[in-house]
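In this note's numbering, the protein residues as written are -2 to 177.
Built from N, CA and C at the ideal position, the CB exists for glycine as well.
If you're wondering where the values come from, they're calculated on a predicted model, not measured in any experiment.
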C-alpha cells in the first residue's frame, strides 16, 4: 500500500488506529485505557504549558501520524517537532502524515501493550532521528530514557523527575504526577 493509499485508507476508516511499518505492513493499535489516557493528558498538559512559554515547536497527540525516513508511518502517544525540523514542509504534506521525524516522543505502555514491542518501537523511533524519547510503564513505575547516540537509561520508581534536555531546555517532569 503506497503512502497516499494508506493515508486515504486511514481517512476512510477513522474508527481504526493504524500505523504502517517500514516494510509496508499495517499495524492495528488498540484504544488506550482510561488510566493510560489520563497519564498522557497529565504529560501533555505539562509539556503544553512549557511550550506556551518557550514557543519551541509543535506538540502532537496519538492521532498524528508521521512518515519517517525508513518509510514507516508511526504515531507516538506524544510527539514534539521543533520549528527547525518543520521548515520546508509544505502545508499539504503537514495536513497528511508529515514527512518529518519528531525530535521528542513519549510512549506510555498500556495494559494491552507488550514491553518488548514497545522497546522495539522506541528503537525504530531513535533510528529514524528522534533525539529524546521516554517509554513509561505506569503499572510497574518504570521509565526508559532514550537519547540519540547514548545508551538507554532505565529507572524504577516514580520518585524522580525527568529532564527534557537536550530537546526541551528547562523542562522537567515530576513522575509522581502520574500516580493515580
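**Q.** Straight-line gap, residue 56 to residue 98 (C-alpha atoms, nearest Å)
**A.** Here residue 56 refers to the residue found at position 59 when the chain shown is read from its first residue. Here residue 98 refers to the residue found at position 101 when the chain shown is read from its first residue. Straight-line measurement puts the Cα of residue 98 at about 12 angstroms from the Cα of residue 56.
Q: Can you give me the Cβ contacts of residue 138 inside the same chain, cut-off strictly under 6 angstroms, excluding the 5 residues immediately before and after it?
A: As a first step, residue 138 must be located in the chain shown, where it is residue number 141. So the list reads 154 and 155, once near-sequence residues are dropped.
Q) Would you call residue 9 buried or exposed, if buried means 16 or more other Cβ atoms sit within 10 Å of its Cβ? A) As a working mapping, residue 9 is identified with position 12 in the chain shown. Residue burial annotation: residue 9 is exposed, with fewer than 16 other C-beta atoms found within 10 angstroms of its C-beta.
Q: Mind checking which residues open and close the alpha helix (DSSP H) that includes residue 94?
A: Here residue 94 refers to the residue found at position 97 when the chain shown is read from its first residue. Unbroken run through residue 94: none, as it is neither H nor E.
Q | Alpha-carbon to alpha-carbon, residue 132 and residue 143 | A | What you label residue 143 is simply residue 146 of the chain shown in a count that begins at 1. What you label residue 132 is simply residue 135 of the chain shown in a count that begins at 1. Straight through space, the alpha carbons of residue 132 and residue 143 are spaced by roughly 8 angstroms.
**Q.** Option in 118, 39 and 47 with minimal Cα separation from residue 24
**A.** Position 27 of the chain shown holds residue 24. When each option's Cα is compared against that of residue 24, the closest is 118.
(Q) Helix, strand or coil for residue 150? Go by DSSP, reduced to three states. (A) To locate residue 150, count along the chain shown from 1; it is residue 153. The answer is strand: DSSP assigns residue 150 an E or B state.
Q. If you pair each beta-carbon of the stretch 90 to 104 with each one of the stretch 73 to 80, do three or more pairs fall below 8 angstroms?
A. Cβ pair count under 8 angstroms is three or more, so yes.
Q) Tell me which same chain residues have a C-beta within less than 6 angstroms of the C-beta of residue 171, skipping the five on either side of it? A) The residue given as residue 171 occupies position 174 in the chain shown. The answer, listed in chain order, is 158.
(Q) Can you give me the C-alpha to C-alpha distance between residue 167 and residue 54, rounded to a whole angstrom? (A) Indexing the chain shown from 1 puts residue 167 at position 170. Indexing the chain shown from 1 puts residue 54 at position 57. Straight-line Cα distance between these residues: approximately 15 angstroms.
Q) Do the stretch 64 to 73 and the stretch 122 to 131 meet, that is, are 3 or more Cβ pairs less than 8 angstroms apart? A) Judged by Cβ distances under 8 angstroms, the stretch 64 to 73 makes contact with the stretch 122 to 131, as three or more pairs qualify.
Q: Decide if residue 49 is buried, meaning its Cβ has at least 16 other Cβ atoms within 10 Å, or exposed.
A: Within the chain shown, the letter at position 52 stands for residue 49. Here residue 49 is exposed. Its C-beta has fewer than 16 other C-beta atoms within 10 Å.
Q: Using three-state DSSP, classify residue 169 as helix, strand or coil.
A: Residue numbering aside, residue 169 sits at position 172 when the chain shown is read from its first letter. Correct three-state label for residue 169: strand.
**Q.** Limits of the unbroken beta strand (DSSP E) element including residue 45
**A.** Looking up residue 45 in the chain shown gives position 48. For residue 45, there is no enclosing beta strand (DSSP E); the residue is found in the alpha helix (DSSP H) stretching over 31 to 51.
Q) Does the separation of the CB atoms of residue 107 and residue 29 fall below 8 angstroms? A) By 1-based counting over the chain shown, the position of residue 107 is 110. By 1-based counting over the chain shown, the position of residue 29 is 32. In this structure, residue 29 lies closer than 8 angstroms to residue 107 by Cβ.
(Q) Beta-carbon within less than 8 angstroms of residue 113's beta-carbon, same chain only, minus the 5 sequence neighbours each way: which residues are those? (A) For this step, residue 113 is matched to residue 116 along the chain shown. The answer is none, since no qualifying residue turns up.
Q: Determine the DSSP secondary structure at residue 64, reduced to helix, strand or coil.
A: Working through the chain shown from its first residue, we reach residue 64 at position 67. Residue 64: strand per DSSP, three-state reduction.
Q | residue 69 burial status per 10 Å Cβ neighbour count (16 or more: buried) | A | If you number the chain shown from 1, residue 69 lands on position 72. Result: buried.
**Q.** Presumed contact (8 angstroms Cβ cut-off) between residue 38 and residue 17, rounded CB distance
**A.** Counted from its first residue, the chain shown places residue 38 at position 41. Counted from its first residue, the chain shown places residue 17 at position 20. About 26 angstroms separates the beta carbons of residue 38 and residue 17, which is beyond the 8 angstroms limit, so they are not a contact pair.
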